[in-house]
Amino acid sequence: MLSLSIQKRPDGFVEGQGVLVGTRRLISRGVSQLVSRVAYTHRPRRGYRILMYHAVGTRVKGDFRGIFSVTPDEFKQQMEYLSQHAFIKMTSLELGLMDPAPCRVSLTFDDGYRDILPVAEKILVPMGIPFVLFITKSYAQRTGPEYLSKDAIREISRLAQVTIGAHGATHKRLTECSDQELVTELKTSREFLEDVISKPVRIMAYPHGAVNERVVQAVVRAGYSIAVSTRAGINNSASHLMKLKRTEISGLDDLADFKMKIFGAWDWYGVKSWVCKT
Ligand SMILES: [Zn+2]
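This is the structure:
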């Protein structure tokens with residue numbers, strides 16, 4: 026049986042965004058929250074919703090507003106909410122689009138924070154919830170405590186409910202890469218992970234959500250079969266497999282915000298997040 030080592034919450038700051046981005050997002054969020062409360066219908070939208078998390082407990086470097094990290098207690102409450110509602114079916118990323126259940130939800134975690142180890146052991150494994158880790162190669166190769174190491178990635182990948190996906194070799198915006206850099210980012214990130222976990226890696230998340238048609242074509246040529254964006258919204262059978270939408274769960278969300286996001290009251294935000302990628 027796999028034993029996941031519990032890591033103490035790191036005290037230091039780690040990878041993240043700057044003050045200006047945080048402030049801009051905070052102001053934008055206040056306005057967005059008002060709009061979302063008006064849009065809240067108390068009826069869940071049908072379809073396939075992919076939740077996007079970053080850290081659970083780790084203080085993200087430069088994230089002064091706490092946008093990119095939810096606390097373990099908040100996360101547990103959110104998982105309990107999802108598990109207690111029969112109309113929500115938790116599913117894996119590979120099966121989510123095909124599943125006939127009216128409201129499906131998948132979990133994804135970007136950047137490969139190490140705090141997923143205790144979260145998996147204490148919450149996700151006992152509750153039987155599948156989840157995806159999108160790992161950036163250069164982060165996994167750092168010696169600091171914030172990110173999953175190669176050994177930790179290998180260990181957690183042995184869980185039946187985990188899928189490992191790529192998230193770039195260096196977390197560059199792929200839209201700003203030359204054609205050759207693009208090939209290198211997509212190829213080396215996948216090969217690195219496949220070597221670590223000894224399994225095929227066929228899914229990926231665009232670093233910073235940066236994607237255009239040139240990037241999509243390169244991702245397909247690199248052998249990926251599913252790619253997720255940061256554009257807000259819900260997916261259905263007509264969704265583009267290389268541009269699946271996600272719903273970001275922020276450290277600013279309380280449980281009421283979380284419920285509204287699950288029900289789709291924030292999906293209108295997709296138009297904005299497509300233009301103002303973070
Ligand atoms: Zn990222």
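Positions in the sequence shown are counted from 1; adding 25 to them yields my numbering.
Cβ atoms here follow ideal geometry from the backbone N, Cα and C, with glycine treated the same way.
Note that this is a predicted model, so its numbers are computed, not measured.
What residue does the beta strand (DSSP E) around residue i start on, and which one ends it?
{"i": "F134", "result": "C128 to D135"}
{"i": "M267", "result": "Neither: M267 is in no beta strand (DSSP E) and is coded neither H nor E."}
Alpha carbon to alpha carbon, how far is residue i from residue j?
{"i": "V208", "j": "V226", "result": "16 angstroms"}
{"i": "D176", "j": "A165", "result": "10 angstroms"}
{"i": "R198", "j": "Y231", "result": "8 angstroms"}
{"i": "S94", "j": "F100", "result": "10 angstroms"}
{"i": "M77", "j": "A235", "result": "15 angstroms"}
{"i": "F159", "j": "Y172", "result": "12 angstroms"}
{"i": "T96", "j": "E238", "result": "36 angstroms"}
{"i": "V81", "j": "S174", "result": "17 angstroms"}
{"i": "F283", "j": "G87", "result": "24 angstroms"}
{"i": "L143", "j": "F156", "result": "Reading off the sequence shown, one finds Pro at residue 143, where the question assumed Leu. If you take the alpha carbons of P143 and F156, they lie about 14 angstroms apart."}
{"i": "R167", "j": "I181", "result": "18 angstroms"}
{"i": "D98", "j": "T133", "result": "18 angstroms"}
{"i": "T272", "j": "H110", "result": "18 angstroms"}
{"i": "R129", "j": "E119", "result": "12 angstroms"}
{"i": "H233", "j": "F112", "result": "31 angstroms"}
{"i": "K162", "j": "G190", "result": "11 angstroms"}
{"i": "Y294", "j": "D278", "result": "15 angstroms"}
{"i": "I141", "j": "K224", "result": "20 angstroms"}
{"i": "A243", "j": "V253", "result": "14 angstroms"}
{"i": "R215", "j": "Y249", "result": "9 angstroms"}
For residue i, I'd like the list of residues in its chain whose CB is within less than 6 angstroms of its CB, leaving aside the five on either flank, ordered along the chain.
{"i": "E219", "result": "V226"}
{"i": "P337", "result": "The chain is shown from 26 up to 303; residue 337 falls before or after that span and cannot be answered."}
{"i": "P35", "result": "Only weak support is given to the placement of P35: the predicted model assigns it a pLDDT of 35, under 50, and the value that follows is read from those uncertain coordinates. Only T83, P170 and E171 meet the Cβ criterion."}
{"i": "I318", "result": "Because residue 318 is not part of the residues shown, which for the chain are 26 to 303, the question remains open."}
{"i": "Q102", "result": "L280"}
{"i": "K286", "result": "T272"}
{"i": "F217", "result": "K162"}
{"i": "I274", "result": "L76 and Y78"}
I'd like the list of long-range same chain contacts for residue i, defined as Cβ closer than 8 angstroms, with 5 residues on each side in sequence excluded.
{"i": "E210", "result": "G193, A194, T195, K197, L199 and C202"}
{"i": "N260", "result": "G72, Y73, R74, I75, G121, L122, L269 and K270"}
{"i": "K212", "result": "A247"}
{"i": "S131", "result": "Y73, R74, I75, L76, M115, T116, S117, L118, G121, P155, F156 and V157"}
If you drop the 5 nearest sequence neighbours on each side, which residues of the same chain put their C-beta closer than 7 angstroms to that of residue i?
{"i": "R179", "result": "V221 and I222"}
{"i": "D124", "result": "K114 and T116"}
{"i": "M152", "result": "M104 and S108"}
{"i": "V245", "result": "M267"}
{"i": "Q205", "result": "none"}
What is the residue span of the alpha helix (DSSP H) that residue i lies within?
{"i": "R215", "result": "D204 to I222"}
{"i": "K284", "result": "L280 to F288"}
{"i": "V144", "result": "I141 to V144"}
Can you round the beta-carbon distance between residue i and residue j to whole angstroms, since I take them to be within the 8 angstroms contact cut?
{"i": "F288", "j": "R90", "result": "With 8 angstroms as the limit, F288 and R90 do not qualify as a contact, their Cβ atoms being about 24 angstroms apart."}
{"i": "Q186", "j": "I154", "result": "7 angstroms"}
{"i": "A263", "j": "D292", "result": "So it is not a contact: roughly 15 angstroms between Cβ atoms."}
Complete runs of the alpha helix (DSSP H) confined to the region 155-191 [at least 4 residues]: 162-165 and 175-182
Beta strand (DSSP E) segments (min. 3 residues) lying fully within the region 72-133: 72-78
Start-end ranges of the beta strand (DSSP E) lying completely within the region 231-267, minimum 3 residues: 251-253
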